[in-house]
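Here the structure is laid out as structure tokens; the discussion comes afterwards.
Residue numbers (our numbering): -9 to 551.
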């Protein structure tokens, strides 16, 4: 780096300490604030700057919060180059001898200077000309930030207030946000669920005829979308088992492993095709396969298995056949699985099921909340796999129809797309990874919500064009998110551990430039049921415990709510 002592800063009469003279092109009447530093070294995406420590401390007394924070980590500064104003984000600070502070900055974008006022106008991302060492730096004002963050004519939603201002609104561009997927990240307790509800409510308010499907693993979001969404759980989901493809059938019906696994798969494939072919709907299908979503009776499947077991020319014992039959009978008889394996679900209800889940038509309720908290844990991943695959397959097979894009939102996404490839639930992992890579081509958008981004499969987070990161307490998670972010956002990302609750850093396609936003307050009736219990208050309450325990035990035994 250049010898910082070789170009001494000249103090101003303003009392700001060691600061630079304003550049000549800026009229004194327009440039209210004197320069606060200068460029000392330039690189491709950023630069090193030098500022006067006393001048920065005096700036903190300014009534404009944007000016007061200029030069601090995570704040913005501006400089003039080639007749344009360049905006940059401060990444780090370091004290040097002589009362000077050096800092690394990342360039954000540039704007023109209005000839009449000298203010920043027409701000845009990226820069076309680089400054040179010696160019002067100035604090960014509130009016500059309004120009930087002002939403243009593209469809957008406002989610909060840009830090450190009090009135500049933070906006997300809907088409860029959804067209290239997004991820909402944050440790437990940072307000992640409420923030997710806020974003989805804003989207639904903007598009009341939209199509949103949300997988809710904890039953939190039903309370948030009672007024503008349809709520589905084990009581009313009625998901037909025959919608599963062959791989999903294997995850549910096959319990073996090792050498027996392939043998069981072969038997199931042959018998499943035989069962599907018995349905009238299969008569007109020339290319019927085990994956074809054709209704079939579970009794036809078990009959086919029994027939295969009774053939004299088989070279195997009866164990694999009995394993399959036993598992199928178990699912049919267990009331916990009745939402999927009920004998009433054999009718051809595919069109009706897709219409109600995908909100086609929406009838003023554009979002479906699929509460899977009551689904037995051993088939939860299969239920999510079926829903995700139906979204993707519908988009593929409707390409010649008027397009109806669908947004699929997965809460606790690390459960379904884990970094560990050897864990269960391979069907859901494959389909969500495919949607992440190919979904935007077909009009399928993916929203991932997780508290452990480092547990997500490698590459999935990098497929998300917009990343909304709340506070992350784990070092591994922080490093993982930083590796997926664009270079220009590094200064913002260093602030992730210091974010307050319900604050976030937004980077990527959905915003004009990286921003730090404090989320708006959400109306109480639109909030999810995710509030933390207040032990200090609840433990003071007593009475009626015997009746409470009795009612709980009754629901527990009946497996109902």
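Yeah, the Cβ is synthetic: ideal placement off N, Cα and C, and Gly gets one too. A quick note: this is a predicted structure, and the numbers were derived from the prediction, not measured.
Contacting residues, own chain, Cβ-Cβ under 7 Å from residue i (five flanking each side not counted)
i           : result
residue 314 : 243, 254, 257, 258 and 295
residue 567 : Residue 567 lies beyond the range of the chain shown here (-9 to 551); nothing can be said about it.
residue -6  : Confidence at residue -6 is low in this model, with a pLDDT of 41, below 50, so its placement is unreliable and no value can be given for it.
residue 211 : 187, 204, 359 and 518
residue 82  : 63, 93 and 94
residue 117 : 76, 97, 99 and 100
Residues bridged to residue i [DSSP beta-bridge criterion]
i           : result
residue 441 : Bridge partners of residue 441: none, in fact.
residue 175 : 440 and 459
residue 92  : 40 and 84
residue 151 : 159 and 508
residue 399 : 204 and 437
residue 361 : 206
residue 139 : Bridge partners of residue 139: none, in fact.
residue 446 : 408
residue 29  : 39
residue 97  : 78
residue 102 : 74 and 111
residue 146 : 163
First through last residue of the beta strand (DSSP E) which encompasses residue i
i           : result
residue 76  : 74 to 86
residue 222 : 219 to 222
residue 553 : There is no way to answer for residue 553, as the model of the chain reaches only from -9 to 551.
residue 494 : 493 to 498
Nearest neighbour of residue i, chosen from the options [CA to CA]
i           : options               : result
residue 392 : 350, 107, 365 and 362 : 350
residue 438 : 466, 398 and 444      : 398
residue 121 : 38, 231 and 150       : 38
residue 223 : 281, 278 and 326      : 326
residue 442 : 71, 403, 42 and 475   : 403
residue 148 : 47, 188, 221 and 472  : 188
residue 49  : 72, 33, 491 and 23    : 23
residue 333 : 490, 231, 508 and 192 : 231
residue 505 : 250, 483 and 107      : 483
residue 150 : 524, 277, 494 and 544 : 494
residue 152 : 56, 34, 307 and 449   : 56
residue 331 : 346, 490, 227 and 263 : 227
residue 143 : 163, 33, 347 and 368  : 163
residue 71  : 260, 103 and 192      : 103
residue 347 : 418, 396 and 323      : 396
residue 156 : 507, 541 and 540      : 507
residue 371 : 524, 234 and 176      : 234
residue 340 : 407, 440, 271 and 277 : 271
Span of the alpha helix (DSSP H), counted from its first residue to its last, around residue i
i           : result
residue 113 : Where residue 113 is concerned, there is no enclosing alpha helix (DSSP H), although the beta strand (DSSP E) it sits in stretches over 110 to 115.
residue 67  : From DSSP, residue 67 is part of no alpha helix (DSSP H) but of the beta strand (DSSP E) over 66 to 71.
residue 381 : 367 to 387
residue 347 : 340 to 347
residue 196 : 182 to 196
residue 257 : 249 to 267
residue 542 : 535 to 548
residue 471 : 465 to 474
residue 23  : Careful: residue 23 lies outside any alpha helix (DSSP H) and carries neither H nor E.
residue 309 : 309 to 323
residue 215 : Element bounds for residue 215: n/a, residue is neither H nor E.
residue 240 : 236 to 243
residue 418 : 416 to 432
residue 298 : 288 to 300
residue 58  : 55 to 59
Residues near residue i in its chain [Cβ-Cβ closer than 8 Å; skip 5 each side]
i           : result
residue 344 : 350, 380 and 384
residue 109 : 20, 103, 133, 134 and 137
residue 139 : 152, 158, 159, 160, 161, 502, 503 and 505
Cβ shell of residue i (< 6 Å), same chain only, five flanking positions each side left out
i           : result
residue 310 : 253, 254 and 257
residue 444 : 466, 467 and 470
residue 265 : 286, 290, 291 and 294
residue 69  : 76, 121, 125 and 127
residue 474 : 451 and 452
residue 43  : 89 and 91
residue 84  : 92
Review point. Between the segment 66 to 82 and the segment 98 to 105, do three or more beta carbon pairs fall short of 8 Å?
Key: yes
Check your understanding: Within the chosen definition, does the segment 192 to 202 reach the segment 526 to 541 through at least 3 CB pairs nearer than 8 Å?
Key -> no
Review point. Touch check for the segment 224 to 241 and the segment 367 to 387: three-plus C-beta pairs under 8 Å?
Key: yes
Practice item. Check whether the segment 460 to 474 touches the segment 128 to 138, taking contact to mean three or more Cβ pairs, one atom from each stretch, closer than 8 Å. Key: no
Review point. Are the segment 493 to 504 and the segment 152 to 171 touching by the rule of at least three beta carbon pairs closer than 8 Å?
Key: yes
**Study point:** Segment contact flag, the segment 204 to 222 with the segment 359 to 373, C-beta cutoff 8 Å, min 3 pairs
**Key:** yes
Exercise for review: Determine, using beta-carbon pairs with one atom in the segment 214 to 229 and one in the segment 333 to 353, whether at least three such pairs fall under 8 Å.
Suggested key: yes
Exercise for review: Check whether the segment 428 to 437 touches the segment 378 to 388, taking contact to mean three or more Cβ pairs, one atom from each stretch, closer than 8 Å.
Suggested key: yes
Review point. Are the segment 178 to 192 and the segment 504 to 519 in contact at 8 Å, needing three or more beta carbon pairs?
Key: yes
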